[in-house]
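Peer 1:
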Amino acid sequence: MKKVVFQFFFSGIIKRIAKPVVAVVLISAFCAGLTSPVYPAQATGVNYATSWVGNSFSGINDRWIQNYINHMKVEPDGTCYVWGNWDEAGKQYSIYKDGDVIGCKNMKPNSKKLTDPQGNKWEIIMKLLDPEFNQFEGNPEGIKCNGEWVKFPDLYQPTALAMANDGTLMVADSCTGPRQQILFYSISDWKNPKLVRTFGDYGGIGSGTPGEVKPTKFWGITGIGMDRDNSIYVAMNENGTVIRKVTPDGKQVWELYDHFFVDVVSADPETDAIDVWGVQEHYKMDFSKDNGKEAKWVGYSLDRHKYPEDPRGFEYVKAQGEHGLTSPQVVYIQGKRFMFVGGMFASN
Numbered sequence: 012m013k014k015v016v017f018q019f020f021f022s023g024i025i026k027r028i029a030k031p032v033v034a035v036v037l038i039s040a041f042c043a044g045l046t047s048p049v050y051p052a053q054a055t056g057v058n059y060a061t062s063w064v065g066n067s068f069s070g071i072n073d074r075w076i077q078n079y080i081n082h083m084k085v086e087p088d089g090t091c092y093v094w095g096n097w098d099e100a101g102k103q104y105s106i107y108k109d110g111d112v113i114g115c116k117n118m119k120p121n122s123k124k125l126t127d128p129q130g131n132k133w134e135i136i137m138k139l140l141d142p143e144f145n146q147f148e149g150n151p152e153g154i155k156c157n158g159e160w161v162k163f164p165d166l167y168q169p170t171a172l173a174m175a176n177d178g179t180l181m182v183a184d185s186c187t188g189p190r191q192q193i194l195f196y197s198i199s200d201w202k203n204p205k206l207v208r209t210f211g212d213y214g215g216i217g218s219g220t221p222g223e224v225k226p227t228k229f230w231g232i233t234g235i236g237m238d239r240d241n242s243i244y245v246a247m248n249e250n251g252t253v254i255r256k257v258t259p260d261g262k263q264v265w266e267l268y269d270h271f272f273v274d275v276v277s278a279d280p281e282t283d284a285i286d287v288w289g290v291q292e293h294y295k296m297d298f299s300k301d302n303g304k305e306a307k308w309v310g311y312s313l314d315r316h317k318y319p320e321d322p323r324g325f326e327y328v329k330a331q332g333e334h335g336l337t338s339p340q341v342v343y344i345q346g347k348r349f350m351f352v353g354g355m356f357a358s359n
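Note that the working numbering has the sequence shown beginning at 12, numbered continuously upward.
(1) On the three-state DSSP scale, how would you describe residue 80?
(2) For residue 183 versus residue 125, is the C-beta spacing smaller than 8 angstroms?
(3) In three-state DSSP terms, what is residue 251?
(4) Quick one: which unbroken beta strand (DSSP E) runs of 3-plus residues sit fully inside the stretch 226 to 279? Chain order, please.
(5) For residue 340, report the span of its beta strand (DSSP E) as first-last.
(6) Sort out for me which residues DSSP pairs residue 105 with in a bridge.
(7) Could you compute how far the alpha carbon of residue 278 sits from the alpha carbon of residue 247?
(8) Rounding to the nearest angstrom, what Cα-Cα distance links residue 268 and residue 215 in this structure?
(9) Grouping DSSP H, G and I as helix and E and B as strand, with all else coil, what is residue 348?
(10) Nearest to residue 156 by CA position, among 236, 336 and 203, is which residue?
(11) If you follow the beta strand (DSSP E) that residue 313 is part of, which residue opens it and which one closes it?
(12) If distances are taken between C-alpha atoms only, which option among 171, 313, 314 and 338 comes closest to residue 81?
(13) Are there 16 or more other CB atoms within 10 angstroms of the CB of residue 299, so buried, or fewer, so exposed?
(14) Tell me the rounded alpha-carbon separation between residue 309 and residue 129.
(15) Could you have a look at residue 219 and say whether DSSP puts it in helix, strand or coil?
(16) Does residue 322 come out as helix, strand or coil in the three-state DSSP assignment?
(17) What's the C-alpha gap between residue 346 and residue 283?
(18) Please report the distance separating the alpha-carbon of residue 178 from that of residue 87.
(19) Counting along the chain, where does the beta strand (DSSP E) carrying residue 208 start and finish?
(20) Hey, residue 191 and residue 226: beta-carbon distance below 8 angstroms or not?
(21) Are there 16 or more other CB atoms within 10 angstroms of the CB of residue 199, so buried, or fewer, so exposed?
(22) Rounded to whole angstroms, how far is the Cβ of residue 289 from the Cβ of residue 339, which I believe are closer than 8 angstroms?
(23) For residue 66, which option in 58, 76 and 59 has the closest C-alpha, if you only look at C-alpha atoms?
(24) Between residue 260 and residue 160, what straight-line distance do the alpha-carbon atoms span, to the nearest angstrom?
(25) Please go through the same chain and pick out, in chain order, the residues whose beta-carbon is closer than 6 angstroms to the beta-carbon of residue 208, but skip the five residues on each side of it.
(26) Give me the residue from 224, 233 and 112 with the minimum Cα distance to residue 151.
(27) Could you spell out where the beta strand (DSSP E) holding residue 195 opens and where it closes?
(28) Hey, how far is the Cα of residue 294 from the Cα of residue 343?
(29) The beta strand (DSSP E) spanning residue 170 covers which residue range?
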């Protein structure tokens, strides 16, 4: 049985707490711990390894995926400039390419505004919780062009804009809307956009087998873009970050993620930690694999369209300054699995 030790991620530095625990991989990025029995520090003769779950990288050599992404801009060569309102380790902005972190510089991307090749200025209108950091709260109000409201057919809740190579306007339809897709509109007549095509599974993460993670099942889209080869890039953020590069026919090229803020994950007591649960994430573990590769992300249990009042989808839970729900515990009652979820503080 593989033994692991708690490992905490803060400000890009890996720290250990010398308390070996049995049968579970421990944490993920940025203070994500694992709820499991902890044995006395003086225990001897235990072979253990350190590892992590929930971030594409360990944090060594300044390589980790940031907590939040509010904006993304994609260059023709596939370079992704991203910006977020917060990162616990201090990296609010990053540069990603080919499935790797290649820089940390603020290129000031903006997913909510763009100027098209004809000079028309498009903007998603939404209530800003913090204008300085472009944090928005609630659902978007719609899209304006050149200061005028424009009605987009079949669009529910726009969350990001980009230009496609063929001159169509890419609009992410996400938040709590039913689509969770990318829509392509002809804007030759900017006052009367026409829907040309869509990309992604209608219904997003709730489509097909609900919660099953697949390349074209989206949620919480905050940034979109296209490279010169017509591959599509999608940034998602629901108190956890995912960036995907997907080919036009829906094949995933790469994916980067940081699923956690300051979260705990819970080992499933019925499967001896083969199943590990985050507040929204479900992993299958293979402890024979190398450190950092033990976890396979198989499920995502938050569906903000079907359950828009699910507090796991709120950045602020309004309880003693909570920044979302972070602490799950999986228990079985009369043979049925339940998850109890709390916040950052023991009193919540």
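Here a beta-carbon is modelled for each residue, glycine too, at the ideal position from N, C-alpha and C.
Peer 2: In terms of the structure at hand:
(1) DSSP places residue 80 in coil when its eight states are reduced to three.
(2) Not closer than 8 angstroms, so no.
(3) For residue 251, the secondary structure class from DSSP, reduced to helix, strand or coil, is coil.
(4) Complete beta strand (DSSP E) runs here, min 3: 232 to 237, 243 to 248, 252 to 257, 263 to 269 and 275 to 278.
(5) For residue 340, the uninterrupted beta strand (DSSP E) segment begins and ends at 338 to 344.
(6) Note: residue 105 sits in a beta bridge opposite 93.
(7) Answer to the nearest angstrom: the Cα atoms are 25 angstroms apart.
(8) The straight-line gap from Cα to Cα measures roughly 17 angstroms.
(9) The DSSP-derived three-state label of residue 348 is strand.
(10) Here the closest residue by C-alpha is 203.
(11) Taken as a continuous stretch (DSSP letters only), residue 313 belongs to no beta strand (DSSP E), as it is neither H nor E.
(12) Closest option to residue 81, judged by alpha-carbon separation, among 171, 313, 314 and 338: 171.
(13) Exposed: under 16 other Cβ atoms inside 10 Å.
(14) Their backbone Cα atoms lie some 43 angstroms apart in a straight line.
(15) In this structure, residue 219 counts as coil in the three-state DSSP scheme.
(16) Shown here, residue 322 sits in a helix according to DSSP, grouped into three states.
(17) In a straight line, the C-alpha of residue 346 is about 16 angstroms away from that of residue 283.
(18) Residue 178 and residue 87: Cα-Cα distance of roughly 14 angstroms.
(19) Note, residue 208: beta strand (DSSP E), 205 to 210.
(20) The answer is no: Cβ separation not under 8 angstroms.
(21) Residue environment: residue 199 is assigned as exposed (fewer than 16 neighbouring CB atoms within 10 Å of its CB, all protein chains considered).
(22) Contact holds; Cβ gap of about 6 angstroms.
(23) The shortest C-alpha separation from residue 66 is found at 76.
(24) Roughly 33 angstroms between the two C-alpha positions.
(25) 195, listed in sequence order.
(26) Nearest neighbour of residue 151 by Cα position, chosen from 224, 233 and 112, turns out to be 233.
(27) Per DSSP, the unbroken beta strand (DSSP E) holding residue 195 starts and ends at 192 to 197.
(28) A direct Cα-Cα distance of roughly 18 angstroms separates residue 294 from residue 343.
(29) 169 to 174 is the extent of the beta strand (DSSP E) around residue 170.
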